[in-house]
Every structure is written in structure tokens, then in C-alpha cells.
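Step one of this worksheet: look at the structure below.
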Amino acid sequence: PEDLPHWVMAWIMNKCKDFSIPRVKYGTAQKMCTTINHKFGGDFGFGDQTWGKQVDRKFVGNPSLSKELSQYMISLRRHKVYASEEVTSARAITHETMHQLWLHN
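First residue of the sequence shown? That's 784 in my numbering, and the numbers climb one at a time after it.
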């Protein structure tokens, strides 16, 4: 159906939008999006084909690669950061942390 990316957003929103639940992080939303990507990409054979309408008005592709879902994920990340969620990216590693890792190994 045409609004499948919105269904995926609603599913993610239902689990991840509540900022009062500390264990539901942005990473949870990424895992949910990756699950959809794997299902449509691998199992259904759409790979990296973006979600879109064909000439016969049928929608095909991977809904996790839709523009709407990508924009939602960016927005969710921004909101989670503003809500003071700790950053878990590799870029968040400081020089001091790298030094401690080097000393440990």
C-alpha cells in the first residue's frame, strides 16, 4: 500500500517517541528500521530500491528507504538529542577514551 512507510513510522513512533522511558534509545529505532530494511531488501528482493510508485500506480521498493521515513529518523534523532539522550556514535569517543582503550590493550 501507498502509505506503508507511514505504518513503519507509526510502529517506530509507538515504541520510541516516549522520552520518559530511558531504555528506549535512538538505537532501538535504528534496529527497527534495519529490521524492515532487511525484510524488504533480503527476503522480498527489493535491496536498495527506493520506495516509489510505478507507472501502473503500484508501489514497489523498500519502504525503509523512503524519503518520509528517512526524514522521520533524522527528526527522531534530533528530538532524542534535545531530550538529553546520551550519544552512542563512534564520533562521541573522546581522545581520553581512546587513550584509556590503548592503555587497556
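C-beta: ideal position from N, C-alpha, C; glycine also.
Delimiting residues of the alpha helix (DSSP H) encompassing residue i
i, result
"Val864", "Lys850 to Tyr865"
Min CB distance residue i to chain B below 8 Å
i, result
"Gly830", "Although the question refers to chain B, the structure presented lacks it and comprises just one protein chain."
Which listed residue (the options) has its alpha carbon closest to that of residue i
i, options, result
"Lys814", "Ile795, Asp826 and Phe823", "Ile795"
"Asp826", "Lys836, Asn845 and Arg806", "Asn845"
"Cys799", "Asp839, Glu868 and Gly835", "Glu868"
"Gln831", "Gln837, Val838, Asp839 and Val843", "One point to set straight first is that residue 831 is Asp, not Gln, in the sequence displayed. Per the Cα distances, Val843."
"Arg806", "His789, Glu879, Val791 and Lys863", "Lys863"
"Phe891", "Leu848, Arg860, Ile876 and Glu879", "In the structure displayed, the chain extends from 784 to 888; residue 891 sits before or after that span and is not available."
Buried or exposed by the 16-neighbour rule on C-beta atoms within 10 Å, applied to residue i
i, result
"Ser858", "exposed"
"Met856", "buried"
Whole-angstrom distance between residue j and residue i, CA atom to CA atom
i, j, result
"His821", "Trp790", "16 Å"
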